[in-house]
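Enquirer:
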Amino acid sequence: MKPIQVAEGIYWVGAIDWNIRDFHGYSTKEGTTYNAFLIMDDKITLIDTVKKEFADELISKISQIVDPKKIDYVISNHTEMDHSGGLARVMHRIGEDKPLYCSKMGHKNLPQHYNPKWNYQIVEDGGELSLGKRTLTFMETRMVHWPDSMFTYAIEDKILFASDGFGQHYASMERFDDEIGDEIMVHAKKYFANILLLYTAHILKVFEKVQNLSLEMKIICPDHGIIWRKDPMKIVNAYVEWCQQKPKRKALVVYDTMWHSTEIMAEAIVDALHQEGVTAVPMHLRRWHRSDIITEVLDAGAIIVGSPTLNNGLFPTIADFLTYLKGLKPKNKIGAAFGSYGWSGEAPKFVNQELEAMKFQVIDAPLKIKYVPDAEGIEACQELARKIAKALPGE
Numbered sequence: 001m002k003p004i005q006v007a008e009g010i011y012w013v014g015a016i017d018w019n020i021r022d023f024h025g026y027s028t029k030e031g032t033t034y035n036a037f038l039i040m041d042d043k044i045t046l047i048d049t050v051k052k053e054f055a056d057e058l059i060s061k062i063s064q065i066v067d068p069k070k071i072d073y074v075i076s077n078h079t080e081m082d083h084s085g086g087l088a089r090v091m092h093r094i095g096e097d098k099p100l101y102c103s104k105m106g107h108k109n110l111p112q113h114y115n116p117k118w119n120y121q122i123v124e125d126g127g128e129l130s131l132g133k134r135t136l137t138f139m140e141t142r143m144v145h146w147p148d149s150m151f152t153y154a155i156e157d158k159i160l161f162a163s164d165g166f167g168q169h170y171a172s173m174e175r176f177d178d179e180i181g182d183e184i185m186v187h188a189k190k191y192f193a194n195i196l197l198l199y200t201a202h203i204l205k206v207f208e209k210v211q212n213l214s215l216e217m218k219i220i221c222p223d224h225g226i227i228w229r230k231d232p233m234k235i236v237n238a239y240v241e242w243c244q245q246k247p248k249r250k251a252l253v254v255y256d257t258m259w260h261s262t263e264i265m266a267e268a269i270v271d272a273l274h275q276e277g278v279t280a281v282p283m284h285l286r287r288w289h290r291s292d293i294i295t296e297v298l299d300a301g302a303i304i305v306g307s308p309t310l311n312n313g314l315f316p317t318i319a320d321f322l323t324y325l326k327g328l329k330p331k332n333k334i335g336a337a338f339g340s341y342g343w344s345g346e347a348p349k350f351v352n353q354e355l356e357a358m359k360f361q362v363i364d365a366p367l368k369i370k371y372v373p374d375a376e377g378i379e380a381c382q383e384l385a386r387k388i389a390k391a392l393p394g395e
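Residues in the sequence shown are numbered consecutively from 1, following our numbering.
1) Let's see if you can read the secondary structure: which residues bound the alpha helix (DSSP H) around S340?
2) Tell me where the alpha helix (DSSP H) around K387 begins and ends.
3) For P348, which of helix, strand or coil comes out of DSSP?
4) By how many angstroms is the C-alpha of Y34 removed from the C-alpha of K51?
5) Using the three-state DSSP reduction, which class does A268 fall into: helix, strand or coil?
6) Please state if the CB of I334 and the CB of Q353 are separated by a distance shorter than 8 Å.
7) Do the CB positions of L136 and A154 come within less than 8 Å of each other?
8) Should V236 be labelled buried (16 or more other beta-carbon atoms within 10 Å of its own) or exposed?
9) Just mark I47 as buried or exposed, buried being the case when its beta carbon has 16 or more other beta carbons within 10 Å.
10) Go ahead and label E57 buried or exposed: buried means 16 or more other beta carbons lie within 10 angstroms of its beta carbon, across all protein chains shown.
11) Quick check: what's the CA-CA separation for G106 versus T152?
12) Helix, strand or coil, according to DSSP, for F360 in the structure here?
13) Are the beta-carbon atoms belonging to L367 and A380 less than 8 Å from one another?
14) Note down, in chain order, each residue of its chain lying with its Cβ closer than 7 Å to the Cβ of R286, except the 5 sequence neighbours on either side.
15) Whole angstroms is fine: what's the gap from I62's alpha carbon to L160's?
16) According to the neighbour-count rule (16 or more other Cβ atoms, all chains shown, within 10 Å of its Cβ), is Q112 buried or exposed?
17) May I have the straight-line CA-CA distance separating I388 from H284, to the nearest angstrom?
18) From A300, Y371, D178, pick the residue whose C-alpha is nearest to that of W259; which is it?
19) For the stretch 163-182 and the stretch 115-130, state whether three or more C-beta atom pairs, one from each stretch, are separated by less than 8 Å.
20) Just tell me which of Y239, E183, L213, D82 has its CA closest to the CA of T200.
21) Within the same chain, show all residues whose beta-carbon is closer than 7 Å to that of A280, passing over the 5 residues directly before and after it, in chain order.
22) Buried or exposed: which applies to M173, given that a residue is buried once 16 or more other Cβ atoms fall within 10 Å of its Cβ?
23) Could you give the C-beta distance for T45 and G85, rounded to a whole number, given that I count them as a contact under 8 Å?
24) Within the same chain, show all residues whose beta-carbon is closer than 8 Å to that of N115, passing over the 5 residues directly before and after it, in chain order.
25) Within 10 angstroms of the Cβ of E8, are there 16 or more other Cβ atoms? Answer buried if so, exposed if not.
26) Among all the DSSP beta bridges, which residues are the ones paired with C243?
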């Protein structure tokens, strides 16, 4: 595959990973890309690299534009190995004395992964680097989503190199938003919900910094997925909305089941929610991947979790989901617990405890039904649904 021009003198030289299907427990059914960018100026500059396995592909693309030995500067916006993994190959090829620019925290991280004797150059927040015809400025974006993260902004081109901001895990031959339909926003939402949700306060501070600097963004180049050139503010505005986590009149009924009894309860809750005008989505945890559920969690008003009791505790898939959810610290949620049991019945109580620990507004005591729900049990499920519907916005 050839390098692709992003703007005059700026090229995408990254790699497409068609085969990856899991990224730290996040499902990547559409693969991903590792985006790197080459700037041709008086000082030829490479921004970020790729995952180690794709380093030769990166070098090959660069070689179609210029002899890699002529690269003057390398910029590392983020230490994580899907972006820095190609550094050793690149530095060996271009010369290990070439300046490698990174944030202060990046300088703490990179020598622990790679050669500590490289020519590291620490950039300050707001610092600038002249390449000749254009100037780059650097913006620290700590915890978006690592402590070392930073953005690089090409002032004259009005292009933001956004590291892990505004990305998507999405592999395609197309490189730009105007070449793909609106479905790309679904992938961007999934990326935000699973990777950046925990850091919404930090993201909003970054946006405040961008506003204060009056930075115009004609193009946004993330390190994963497509490049935003048609309407870059579309993804910026989406991030602002997602950061606010405003709940909709929407409920997720997340459950697993052993002999269908907890599933019967889930179906009764979903049906009753629909009757109350709530968008209710049943999510069987052995049919839905946790990361796809989290995408829906982003704007859901209620998370209702059903677990059968197994060995006096939570069903394993439920325990896994609650652990994953808890780490992302979603806000503004209503919660409830339910489940069937045979003789001990602890699972719904444990679900409630987890929801309370996440600071959900827990509706009612945990609902548990012994063995198979009868008519009275179904009515109890429906009553729980009505209480949830009443507590949701838009009542």
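Note that the Cβ used here is the ideal one computed from N, Cα and C, for glycine as well.
Expert: This is what the structure gives:
1) Position 340 of the sequence shown, counting from 1, holds the residue named residue 340. Taken as a continuous stretch (DSSP letters only), S340 belongs to no alpha helix (DSSP H), being part of the beta strand (DSSP E) at 334-341.
2) Working through the sequence shown from its first residue, we reach residue 387 at position 387. K387 -> alpha helix (DSSP H) spans 375-391.
3) Counted from its first residue, the sequence shown places residue 348 at position 348. Helix.
4) Within the sequence shown, the letter at position 51 stands for residue 51. Within the sequence shown, the letter at position 34 stands for residue 34. Approximately 7 Å between the Cα atoms of the pair.
5) Along the sequence shown, read from residue 1 onward, the residue named residue 268 stands at position 268. Reduced to three states, the DSSP call for A268 is helix.
6) As a working note, residue 353 is residue 353 in the sequence shown. As a working note, residue 334 is residue 334 in the sequence shown. In this structure, I334 does not lie closer than 8 Å to Q353 by Cβ.
7) As a position in the sequence shown, residue 136 is number 136, starting the count at 1. As a position in the sequence shown, residue 154 is number 154, starting the count at 1. Taking 8 Å as the Cβ cut-off, L136 and A154 qualify as a contacting pair.
8) On the sequence shown, position 236 is the one that residue 236 refers to. Classification of V236: buried, given that the 10 Å Cβ count is 16 or more.
9) Counted from its first residue, the sequence shown places residue 47 at position 47. Under this definition I47 is a buried residue.
10) As a first step, residue 57 must be located in the sequence shown, where it is residue number 57. So E57 counts as buried.
11) If you number the sequence shown from 1, residue 106 lands on position 106. If you number the sequence shown from 1, residue 152 lands on position 152. Cα-Cα distance, rounded: 14 Å.
12) By 1-based counting over the sequence shown, the position of residue 360 is 360. Coil.
13) Working through the sequence shown from its first residue, we reach residue 367 at position 367. Working through the sequence shown from its first residue, we reach residue 380 at position 380. Annotated as proximal: L367 and A380, with beta-carbon spacing under 8 Å.
14) Counting from 1 along the sequence shown, the entry for residue 286 is found at position 286. Closer than 7 Å at the Cβ level, and outside the excluded window around R286, lie D256, T317.
15) Locating residue 62 in the sequence shown gives position 62, counting from the first residue. Locating residue 160 in the sequence shown gives position 160, counting from the first residue. About 20 Å.
16) Here residue 112 refers to the residue found at position 112 when the sequence shown is read from its first residue. Exposed.
17) Within the sequence shown, residue 388 is the residue found at index 388, counting from 1. Within the sequence shown, residue 284 is the residue found at index 284, counting from 1. Cα to Cα, the separation comes out at about 20 Å.
18) To locate residue 259, count along the sequence shown from 1; it is residue 259. Taking only the C-alpha atoms, the option nearest W259 is Y371.
19) no
20) Indexing the sequence shown from 1 puts residue 200 at position 200. The residue with the shortest Cα to Cα distance from T200 is Y239.
21) Here residue 280 is taken as the residue at index 280 of the sequence shown, counted from 1. If we look at A280 and ignore the five residues flanking it on each side, its Cβ neighbours are A251, V253, V270, L273, H274.
22) Residue 173 sits at position 173 when you count from the first residue of the sequence shown. Per the 10 Å Cβ criterion, exposed.
23) Position 45 of the sequence shown, counting from 1, holds the residue named residue 45. Position 85 of the sequence shown, counting from 1, holds the residue named residue 85. Not really, about 19 Å apart at Cβ, beyond 8 Å.
24) Residue mapping note: residue 115 aligns to position 115 of the sequence shown, counting from 1. Contacts found: A88, M91, E96.
25) Within the sequence shown, residue 8 is the residue found at index 8, counting from 1. With fewer than 16 Cβ atoms within 10 Å of its Cβ, E8 is classed as exposed.
26) As a working note, residue 243 is residue 243 in the sequence shown. According to DSSP, which records beta bridges pairwise, C243 is partnered with nothing at all.
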